[in-house]
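Structure first, then comments.
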Amino acid sequence: MWSMDTIEWLDIELTSYCNIECKGCFRIISKQADKILNKHYITLDTIRERFVRDEFPSIKIINFCGSVDEPTTHPQFFDIIRHFADWGAHINIATNGSLRTTKWWSELAGILPTSHAVTWGIDGSDELSEVYRQGSNFAKVEQNFRAFIAAGGRSNWQFIVFEHNEHQLEAAKQRATDEGFKSFKTIISHRKDTKGGVKASKTESIDTAPEIPYVSCKYGNQKRIFINHMGNVIPCCHLNSKMMEYSVTGEVKDQFEQLLLDNNYIDTINLQNSSIQEAIHSPVWKGIQDSWDSDTPMPRCMQVCKQMKQDKFIKEEL
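Put into structure tokens, the structure is as follows:
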């Protein structure tokens with residue numbers, strides 16, 4: 001499913017640092033969070049050694065968006081952006097926007113070509129955004145995105161919809177237009193402990209044959225891979241919390257951790273000892289994919305990427 005020739009999308013989690021505490025985030029709900037987070041980041045030397053343009057002939061998107069990080073905390077962030085700026089791929093930076101100075105954001109706009117973008121996570125048209133993004137500062141976010149846009153930066157507004165903020169959705173859309181954002185995107189949250197995310201209603205259907213669950217990997221279909229802040233190359237962000245916990249506890253809870261244990265993941269999928277090509281062809285990755293066609297697919301894969309297909313009844317004429 002994955003190969004260096006076909007990879008189109010890189011998700012890179014640069015750091016384990018973040019200045020805010022979103023409800024439902026791993027850094028809030030995990031007992032291991034303080035042992036793992038705010039300790040590591042991928043170095044510039046590793047970026048230069050392991051991310052070589054000629055090795056990604058089909059690359060289209062480089063996305064600085066992790067499951068636990070705020071990418072702008074990286075001390076060498078500008079140099080990392082410069083490394084990827086001439087790849088001919090779209091660079092996206094996902095941020096909560098409440099770090100750095102207006103001068104810093106203006107400088108970033110000068111480094112990023114105008115076709116690239118910063119996606120600002122703002123879940124309200126005013127300070128209501130701070131309800132979910134606890135520890136953020138809407139006034140500072142506002143100053144920063146205005147400085148970035150004024151300096152020629154391309155900005156997208158991302159609004160995570162919850163019951164507590166859905167009434168501000170239209171106001172936020174208008175605000176995005178007025179402030180010069182290029183796009184407005186909504187996300188429906190299914191995280192726990194967020195005052196009840198708004199979920200799409202379900203429709204019922206009646207079939208004459210049973211439906212069979214199977215895994216249709218979202219990241220695989222998008223020709224996309226994930227690299228976490230420890231340098232582990234894994235198929236997707238959804239496996240990252242399990243990856244992080246196992247790195248601390250060493251506890252084997254299902255076949256994913258067993259794969260990591262049996263195949264010494266530090267040697268086989270970590271950028272310290274392996275290239276990205278070696279990682280995606282490793283026994284760890286093969287074991288994940290093989291599980292999809294088995295009676296016991298990876299639980300996390302089935303949880304996130306389960307699809308249903310209809311089994312067919314075959315009637316034989318006697």
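Counting in this note's numbering, the sequence shown runs from 1 upward without gaps.
The C-beta atom is built at its ideal place from N, Cα and C for all residues, glycine as well.
As the structure is a prediction and not an experimental result, all values here were calculated from the model.
Check	Outcome
Going by Cα to Cα distance, which pick from Asn-221, Ser-115 and Ser-30 is closest to Met-1?	Asn-221
Taking Cβ to Cβ, would you say Ala-172 is nearer than 8 Å to Trp-157?	yes
Below 7 Å, is the gap between the Cβ of Ala-109 and the nearest heavy atom of the ligand COA?	The ligand COA is absent from the structure shown, which contains no ligand whatsoever.
Name the residue from Thr-114, Ser-247, Arg-100 and Tyr-219 whose alpha carbon lies nearest to the alpha carbon of Gln-143.	Arg-100
Beta-carbon within less than 6 Å of Tyr-219's beta-carbon, same chain only, minus the 5 sequence neighbours each way: which residues are those?	Pro-235 and Cys-236
Which of the three DSSP states is assigned to Cys-301 in this structure?	helix
Using 8 Å as the threshold, is the C-beta distance between Ile-266 and Ser-282 below it?	no
With respect to the beta strand (DSSP E) encompassing Lys-185, which residues constitute its N-terminal and C-terminal limits?	183-188
Cα-Cα, which of Phe-148, Tyr-214 and Arg-82 is closest to Asp-293?	Tyr-214
Determine, using beta-carbon pairs with one atom in the segment 92-106 and one in the segment 52-64, whether at least three such pairs fall under 8 Å.	yes
Just mark Met-308 as buried or exposed, buried being the case when its beta carbon has 16 or more other beta carbons within 10 Å.	exposed
Compute the distance between the beta-carbons of Ser-58 and Ile-111, then report whether it is under 8 Å.	no
Would you call the segment 151-166 in contact with the segment 117-132, where contact means no fewer than 3 C-beta pairs closer than 8 Å?	yes
Do the segment 244-264 and the segment 43-54 make contact, defined as three or more Cβ pairs closer than 8 Å?	no
Can you confirm whether Ile-160, when its beta carbon is compared against all beta carbons of chain B, has any partner nearer than 8 Å?	Here there is only one protein chain, and chain B is not present.
Going straight from the alpha carbon of Ala-200 to that of Ile-187, what length do you get?	Because Ala-200 sits at a pLDDT of 37, beneath the cut-off of 50, its placement in the model cannot be relied upon, and the point is left open.
Would you mind sorting Glu-211 into buried or exposed? The rule is 16 or more other CB atoms within 10 Å of its CB.	exposed
Candidates Glu-127, Glu-245 and Glu-179: which alpha carbon is nearest Gly-152's?	Glu-179
So, using beta-carbon positions, are Phe-256 and Leu-271 closer together than 8 Å?	no
Which term fits Gly-88, buried or exposed, when burial requires 16 or more other beta carbons within 10 angstroms of its beta carbon?	exposed
Hey, Thr-102 and Ala-147: beta-carbon distance below 8 Å or not?	yes
Given a threshold of 16 other Cβ atoms within 10 Å of its Cβ, counted over all protein chains shown, does Ala-150 qualify as buried or as exposed?	exposed
For Thr-119, report the span of its beta strand (DSSP E) as first-last.	117-121
Starting from the Cα of Ser-183, find the closest Cα among Ser-155, His-167 and Glu-170 and give me that residue.	Ser-155
I need the straight-line Cα distance from Ile-12 to Gln-289, nearest angstrom please.	21 Å
From the DSSP secondary-structure annotation, give me the bridge partner or partners of Asn-156.	Thr-119 and Ser-183
Rounded to whole angstroms, what's the CA-CA distance from Lys-202 to Asp-295? Just pull it up for me.	Summary for Lys-202: the model assigns pLDDT 37, below 50, so the residue's position carries little reliability, and this model does not support an answer.
Could you give the DSSP three-state label for Phe-51: helix, strand or coil?	coil
Tell me, which residues are paired with Phe-226 by DSSP?	Asp-11 and Ile-234
Taking a contact to mean a Cβ-Cβ separation below 8 Å, would you say Asn-165 touches Val-131 in this structure?	yes
Do you know offhand how far Phe-181's Cα is from Glu-170's?	15 Å
Keeping to the same chain, check which residues put their C-beta closer than 6 Å to that of Ile-206; ignore five residues upstream and five downstream.	Note that Ile-206 scores a pLDDT of 37, beneath 50, so its modelled location is shaky; the value from the coordinates is reported in the next line. The answer is none, since no qualifying residue turns up.
Helix, strand or coil, according to DSSP, for Pro-71 in the structure here?	helix
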